[in-house]
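Q:
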Amino acid sequence: MNSRSESAGVRLATDRLRLRPGRVGDAVVHRELWAERDPRVPPHRRIDADGRPTLRDLEDSLRSGPQASGLGLLAVELRDDGRTVGYCGLVEGGPGSAALDGQPPGPEIAFELLSRAQGQGYATEAARAVVEWSRREGLERLHATVWSWNSPSLRVLEKLGFEETARTSPDGASGDMVVVTLEL
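Residue numbers (full-length UniProt numbering): 1 to 184.
#1: Looking at Gly-86 and His-143, is the spacing between their C-beta atoms short of 7 Å?
#2: Considering only the beta carbon of each residue, do Glu-125 and Thr-14 sit closer than 7 Å?
#3: DSSP on Glu-140, reduced to helix/strand/coil?
#4: Just mark Ser-5 as buried or exposed, buried being the case when its beta carbon has 16 or more other beta carbons within 10 Å.
#5: Between the beta-carbon of Leu-139 and the beta-carbon of Gly-161, is there less than 7 Å?
#6: Whole angstroms are fine: how far does the CA of Ala-27 sit from the CA of Leu-62?
#7: Identify, in the order they occur along the chain, each residue of the same chain with its Cβ nearer than 8 Å to the Cβ of Trp-133, setting aside the five sequence neighbours on each side.
#8: Does the stretch 45-62 come into contact with the stretch 110-117, if we say contact requires no fewer than three beta-carbon pairs (one atom in each stretch) closer than 8 Å?
#9: In whole angstroms, what separates the C-alpha of Val-179 from that of Leu-78?
#10: How would you write the range of the beta strand (DSSP E) that Glu-92 sits in, first residue to last?
#11: Verify whether the separation of the beta carbon atoms of Leu-19 and Ala-129 is less than 7 Å.
#12: Report all residues from its chain with a CB closer than 8 Å to the CB of Leu-17; omit the five preceding and five following residues, and keep chain order.
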């Protein structure tokens with residue numbers, strides 16, 4: 001694996017994947033991700049009755065560029081054909097960002113792949129690249145928040161050594177949110 005930081009952001013590579021800063025053209029993939037989301041995902045994270053977010057909304061979001069600091073969310077691209085199949089990276093905040101054991105949980109690792117790219121180990125490979133980048137950058141801890149019914153994502157995080165540290169029930173409709181952490 002190798003990485004390089006540039007003015008355009010961090011880029012990571014694995015045997016099968018490239019992780020790169022998002023481009024406006026990736027909005028099509030983001031829109032498909034929104035459309036594919038499980039109906040148990042809270043409504044504000046799915047396409048609403050008015051069709052929002054629209055492709056244009058997502059393009060505008062990507063146009064605003066990567067986070068000012070840190071890794072941000074990177075597009076996950078297949079090395080063999082260049083297709084973008086999702087995203088993976090680090091974000092600040094979120095439902096699991098409260099201090100754990102008096103310690104800040106660190107950035108949140110987040111990943112989402114198109115359904116046609118799932119079940120092939122890409123999420124684990126991409127998330128592993130992000131964890132290794134985090135270690136090299138001197139981060140001390142990462143966390144993730146995952147709905148308890150999302151077994152595939154929980155398995156990815158378990159493979160990487162994340163351990164459950166808390167559970168919350170942010171709303172009755174979506175079930176429990178599992179908070180997992182990884183000490184780096």
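No residue lacks a Cβ here, since even glycine has one placed at the ideal position from N, Cα and C.
Source: prediction; values computed, not measured.
A: In short:
#1: no
#2: Yes, these two residues count as a Cβ contact at 7 Å.
#3: coil
#4: Because Ser-5 sits at a pLDDT of 35, beneath the cut-off of 50, its placement in the model cannot be relied upon, and the following sentence gives the value as read from the coordinates. Its Cβ having fewer than 16 others within 10 Å, Ser-5 is exposed.
#5: Cβ atoms of Leu-139 and Gly-161: not closer than 7 Å.
#6: 7 Å
#7: Contacts found: Ser-3, Val-10, Leu-12, Leu-71.
#8: no
#9: Looking at the two C-alpha atoms, the distance is approximately 29 Å.
#10: Where Glu-92 is concerned, there is no enclosing beta strand (DSSP E), given that its DSSP letter is neither H nor E.
#11: Taking the C-beta atoms as reference points, Ala-129 is found nearer than 7 Å to Leu-19.
#12: So the qualifying residues of the chain are Val-76, Glu-77, Leu-78, Arg-79, Tyr-122, Glu-125, Ala-126, Ala-129.
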